[in-house]
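Participant: Here the sequence shown stands for residues 6 to 210, numbered as in my numbering. Mind having a look at this structure? Questions to follow.
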Amino acid sequence: IDVSLSASAMALMATAAAQYARGDALPQQAAEDMYSLGFLKCKDGKWITTGNAETIFWENFCKALGRPDWIPLRRTQGTAAEKMVKEVQEIFLTKTRAEWLEILVKAETCVAPVNDIGEALQDPNMRQIGMVWEMEHPKMGHVTQPGFPVRLSGKPVPPRSFAPVLGQHTREILTGAGYSQTQIAELEQQGVVSSWESLLQKSQK
C-alpha cells in the first residue's frame, strides 16, 4: 500500500478541481506572511516555496541570493531578521519563478513551485503516481480531476464514474423495479420522475 503526502494533498483539492473544470476562477494565493520565507512571490506573479530548515540548505540559499552575510540570521528574530525577510521578498520579485527554480535547484536548496490547480493537474509527478484522471462526464464532456491517493500494488484503483447527475439512473432503477419502458415514459410525461435523457432533450430544444 502506497500513500504519499503529495497524493493526499492533491486529493484534498477536489473542490478546487471541480471549480476549475467548470471554468470558475482559480483559488487565490493567500497574502504572504511578512515574517516568513516559506512562500515567496516572484516577478511573474507566481509563487515559490522554500524550506531550508537544515543548516547546509540555509547556507546554500543565502549564497545563491548573493547574501552570505545572512547565514548567521538563521532562526533569529528581531529587527535584523525582519529586515532580511523584507529584502528576500524584494529580491524574489526581480526574477520569474522558473528562473528562481533553476537557480535554487542548482544551488541545492529545498525549493518547489507553488502550483495552482491547473498546473497541479498537469504536473508530471502527479500524473506519474496516478493522481490525475481523465474522464468523460455526461454533461461536462472531457474532464480532468484528482485521482485516488491510495495505490495498491496488487490491484490498482481505477476511475469508475462521477457522482451521478440529476436523473442519470432514473430509467435504470425503474427498469430494475419492474417498470416497462412505456410506463417509465408515462411517469416522465406526468412529471412524476425525471431522467437525465429527458432533461437533456429539453435543454437542447
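C-beta: ideal position from N, C-alpha, C; glycine also.
Please classify Val137: does DSSP put it in a helix, a strand, or coil?
Facilitator: To locate residue 137, count along the sequence shown from 1; it is residue 132. Looking at Val137 - three-state DSSP - the assignment turns out to be strand.
Participant: Buried or exposed: which applies to Ala168, given that a residue is buried once 16 or more other Cβ atoms fall within 10 Å of its Cβ?
Facilitator: Within the sequence shown, residue 168 is the residue found at index 163, counting from 1. Exposed, by the Cβ-count rule.
Participant: By the three-class DSSP mapping on this structure, what secondary structure does Ala69 have?
Facilitator: What you label residue 69 is simply residue 64 of the sequence shown in a count that begins at 1. Three-state result, Ala69: helix.
Participant: With DSSP collapsed to three states, give me the class of Tyr79.
Facilitator: In the sequence shown, counting from the first residue as 1, residue 79 sits at position 74. Looking at the sequence shown, residue 79 is not Tyr but Arg. In the structure shown, Arg79 sits in coil (DSSP, three-state: anything other than H, G, I, E or B).
Participant: I'd like to know whether the C-beta atoms of Gly172 and Leu204 end up nearer to each other than 9 angstroms.
Facilitator: Your numbering for residue 172 matches position 167 in the sequence shown. Your numbering for residue 204 matches position 199 in the sequence shown. Yes, they are a contact pair.
Participant: Work out the CA separation of Gly56 and Val170 for me, nearest whole Å.
Facilitator: For the purposes of this step, residue 170 is taken as residue 165 along the sequence shown, with counting starting at 1. For the purposes of this step, residue 56 is taken as residue 51 along the sequence shown, with counting starting at 1. Looking at the two C-alpha atoms, the distance is approximately 43 angstroms.
Participant: Could you please give me the residues that DSSP links to His142 through a beta bridge?
Facilitator: For the purposes of this step, residue 142 is taken as residue 137 along the sequence shown, with counting starting at 1. DSSP output for His142 lists Gly146 as bridge partner(s).
Participant: With 16 as the cutoff for other CB atoms within 10 Å, does Asp38 come out buried or exposed?
Facilitator: Along the sequence shown, one-based indexing puts residue 38 at 33. Residue placement at Asp38 is flagged as unreliable, the pLDDT there being 46, under the threshold of 50; a coordinate-derived value is accordingly withheld.
Participant: Pairs of beta-carbons, one from the stretch 58 to 68 and one from the stretch 101 to 114, closer than 8 angstroms: are there three or more?
Facilitator: Output reads yes: the stretch 101 to 114 touches the stretch 58 to 68.
Participant: Any idea what DSSP makes of Arg27, helix, strand or coil?
Facilitator: As a position in the sequence shown, residue 27 is number 22, starting the count at 1. Coil, per DSSP.
Participant: Applying the criterion that 16 or more other CB atoms from any shown protein chain within 10 Å of the CB defines a buried residue, is Ala85 buried or exposed?
Facilitator: Taking the first residue of the sequence shown as 1, we reach residue 85 at position 80. Ala85 comes out exposed.
Participant: Determine the closest residue to Met131 out of Gly181, Val8, Ala12 and Gly83, with distance taken between C-alpha atoms.
Facilitator: Counting from 1 along the sequence shown, the entry for residue 131 is found at position 126. Of Gly181, Val8, Ala12 and Gly83, the residue nearest in Cα terms is Ala12.
Participant: According to DSSP, is Pro129 part of a helix, a strand, or is it coil?
Facilitator: Taking the sequence shown and counting its residues from 1, one reaches residue 129 at position 124. Note: Pro129 maps to helix in three-state DSSP.
Participant: Give the DSSP-derived three-state secondary structure of Ala117 in the structure shown.
Facilitator: Working through the sequence shown from its first residue, we reach residue 117 at position 112. Strand.
Participant: Under 8 angstroms Cβ to Cβ from Pro154, same chain only, skipping five residues before and after it: list those, please.
Facilitator: By one-based count along the sequence shown, residue 154 stands at place 149. These residues qualify, in order along the chain: Val8, Ser9, Ala12, Ser13, Met15, Ala16 and Met136.
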